[in-house]
Amino acid sequence: MDRFDALSAFVAVADQRGFAAAARKLGMSPPAVTRAVAALERHLGVTLFHRSTRAVSLTDEGAAFLDRARRIMSDLREAEQIVMGGRSAPRGRLYVTAPVMFGRLHVLPAIGALLAAHDGLSARMMLIDRNVRIVEEGIDVAVRIGPLADSALRVMSIGSVRQTIVASPAYLAAHGVPATPADLAGHRCIVGSGIRIGAAWRFGGKAESTVEVAPRLAVNTIDGTIAAAEAGVGVANVLSYQAAEAVAAGRLVRLLEDHAPPPVPVSLLYDAGRAAMPAVRLFLEAMRERARQGSWD
1 MDRFDALSAF VAVADQRGFA AAARKLGMSP PAVTRAVAAL ERHLGVTLFH
51 RSTRAVSLTD EGAAFLDRAR RIMSDLREAE QIVMGGRSAP RGRLYVTAPV
101 MFGRLHVLPA IGALLAAHDG LSARMMLIDR NVRIVEEGID VAVRIGPLAD
151 SALRVMSIGS VRQTIVASPA YLAAHGVPAT PADLAGHRCI VGSGIRIGAA
201 WRFGGKAEST VEVAPRLAVN TIDGTIAAAE AGVGVANVLS YQAAEAVAAG
251 RLVRLLEDHA PPPVPVSLLY DAGRAAMPAV RLFLEAMRER ARQGSWD
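Given below as structure tokens:
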């Protein structure tokens, strides 16, 4: 039994929740996938899947083994890429995750430039406003905005962003300009997603004060939050880069800048072993260079 093929078959069946679907994904025949998983079960001495005519599900042993199997496969692919990439130009696939708007505005241009310069390189971007498991998902680099939890991953700081309270000129003309954070209690407020989620808005150099706002509108995307603020629905609490274009164009006005809490760090997270991959090294340097050219506003 080829151990790597067996692990690939096991992970595919777990992901696809079926042997036939896993076979299609792997380009194998269903009997071949079934035999590979059965051989792995015999080798381990455990049953990895509950099988029925209607469904396939992991046993407790299978669930415990799945994360380890993913890590083994990821490590092997990484070793292959390091060896292959070490003697050639960047090649293979670069996998990056980032918050949706930051990824669109600042990560996509960096990746686009890398793809234009290196024909053997491809990329996958997961733009999502929540943290995902980097190692388990096989991600090369994650862009994170906000404080970081302790982990074994390497961290590269590439600057910071600021809290920005914004509203449209039309809204301010109709409802007045808040002079202090406490004034927001009398304003129509828009609450959104990401790290600015919720109705408790923090202010002050050490975030020592919190204002509970009354949401007039709740939106689950930053684009929607910005659009609502531009339309005059109310006051929004976003990050500097998210409102930068609208502020520069005069569609939004920054408020209460003297009361902003400390800046929020922007970081790149990656596994130490992946730093040797040419594509990862180039991406890290590209993002660091973009940070050198100016703030993320």
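Heads up, the sequence shown is in full-length UniProt numbering, so the first residue is 1 and it goes up one at a time. Think of the CB as a built atom: it goes at the ideal place given N, C-alpha and C, for glycine as much as any other residue. Predicted model, so just to flag it, every value in this text is computed and none were measured.
query: Where Ile128 falls, given that 16 or more other Cβ within 10 Å makes a residue buried; result: exposed
query: Under 8 Å between C-beta atoms of Ser157 and Pro265; result: yes
query: Three or more C-beta pairs below 8 Å linking the stretch 216–233 and the stretch 178–190; result: yes
query: Residue closest to Met140, alpha-carbon to alpha-carbon, out of Arg292, Met125, Gly204, Ala32; result: Correcting the residue type first, residue 140 is Asp in the shown sequence and not Met. Checked all of Arg292, Met125, Gly204, Ala32; the closest Cα to Asp140 is Met125.
query: Outcome for Phe4 when other beta-carbon atoms lying within 10 angstroms are tallied against a minimum of 16; result: exposed
query: Local conformation of Gln293 per DSSP, three classes; result: coil
query: Host beta strand (DSSP E) of Val253 (start-end); result: 253–255
query: Selection from Pro261, Leu26, Ala9 that minimises the alpha carbon distance to Val211; result: Pro261
query: For Thr59, the three-state DSSP class (helix, strand or coil); result: coil
query: Segment contact, 8 Å Cβ cut-off, at least three pairs: the stretch 61–75 with the stretch 102–120; result: no
query: Three-state class that DSSP yields for Arg87 in the structure shown; result: Because Arg87 sits at a pLDDT of 49, beneath the cut-off of 50, its placement in the model cannot be relied upon, and the following sentence gives the value as read from the coordinates. If DSSP states are grouped into helix, strand and coil, Arg87 belongs with coil.
query: Coil, strand or helix - Ile145 by DSSP; result: strand
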